[in-house]
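Just below is one structure, and these are the notes that go with it.
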Amino acid sequence: FYPNWNCEEVATISHLTLTTGNHHLLFEFANQTEDAISTSEAFNANITWDGSGGDALWSNDSNWSGNVEPGVSDVAVFDGTCVSNCSPTIDTAISVLGISMNAGYAGTITQANGTTITIGSSGYIQAAGTFVGGNSSSHMDINDGNFSYSAGAFTAPAGNLSVERNFTISGGSFSANGGTIAFDGADYDESGTATCGTATFNAVTINKTYGNSTLTVASDCTLPLGNSPTTRSHIVNNGAITIGTGTWTHY
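Residue 1 is where the sequence shown starts when you use my numbering, and the numbers rise one by one after that.
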């Protein structure tokens with residue numbers, strides 16, 4: 001990526017780094033028919049829940065700083081900023097760069113039934129507050145990012161919680177909610193480590209389809225694969241992996 005790029009009389013692109021993880025792109029386009037410059041801007045940013053929209057719906061832009069709902073290039077942040085309507089409902093399918101529940105956040109994020117939460121490379125970080133996942137048709141899919149949970153309460157979606165990188169539980173109260181923890185990945189090297197703390201799981205799948213990816217299982221983990229499981233990944237097992245009945249097929 002070229003930080004600053006210019007094509008004379010056509011366009012100038014300036015890349016301005018703000019704080020860590022935030023970037024500001026300034027596009028300036030020359031107008032060939034008028035002696036003028038038109039400017040557009042694009043950001044990836046931390047967008048904080050402030051609850052000022054009069055309800056507690058994630059999809060209401062007015063509940064977010066800057067009055068814009070976070071998108072695929074943004075991290076949704078929850079901290080001590082909110083003073084009312086501090087417990088949002090994820091009322092529709094969402095796709096964000098990350099979700100961060102920081103120290104000082106005392107609310108509850110509730111996933112509506114039948115929705116999917118897609119999270120990018122900034123991952124899911126919870127150091128406070130409560131997350132309550134939806135029913136068996138509800139999912140959380142973390143693509144090329146980590147799941148990091150250290151405090152508060154977390155109830156997983158009763159569908160799938162899918163993680164491509166590190167899965168770390170170091171505190172808090174974790175409930176699997178009858179769902180499946182899926183360690184997956186389809187790119188060249190999407191290796192990760194599972195660190196489970198005191199959590200127990202209902203079901204686990206391992207499906208890292210590219211041969212260079214490794215799942216390292218820490219000594220505090222017990223991963224129940226169920227009956228006649230099929231797994232794909234290099235596995236370094238320092239914990240326990242269990243099966244029910246039948247044969248374990250591993251690629």
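Glycine included, C-beta positions come from ideal geometry on N, C-alpha and C.
| Check | Outcome |
| --- | --- |
| Proximity of Y149 and T130 at Cβ, strictly below 9 Å | no |
| Distance between A199 and D184 (C-alpha atoms, nearest Å) | 19 Å |
| Element boundaries [beta strand (DSSP E), containing L161] | N160 to V163 |
| Distance CB(V75)-CB(G98) smaller than 9 Å | yes |
| W64 beta carbon less than 9 Å from that of T89 | no |
| Three-state secondary structure assigned by DSSP to N207 | strand |
| Buried or exposed by the 16-neighbour rule on C-beta atoms within 10 Å, applied to A176 | buried |
| Beta-carbon separation (whole angstroms), C82 vs G51, contact threshold 8 Å | 4 Å |
| Beta-carbon proximity of A194 to T216, cut-off 9 Å | yes |
| Cβ distance (whole Å) where G133 is taken to contact A156 below 8 Å | 5 Å |
| Residue environment, A56, which counts as buried when at least 16 other CB atoms sit within 10 Å | buried |
| When A158, D144, N143 and N67 are compared against Q111, the one with the closest alpha-carbon | A158 |
| Y251, buried or exposed, once every other Cβ within 10 Å from all chains shown has been counted against 16 | exposed |
| Whole-angstrom distance between K208 and H234, CA atom to CA atom | 8 Å |
| 6 Å Cβ shell around S173 - same chain, five flanking residues per side excluded | A153 |
| C-beta atoms of N160 and S191 nearer than 9 Å | no |
| Reduced DSSP category for N67 - H, G, I as helix; E, B as strand; rest coil | helix |
| Given T92 as reference, the closest of S84, A103, M140 and N102 once Cα atoms are compared | M140 |
| P224, enclosing beta strand (DSSP E) - first and last residue | T222 to P224 |
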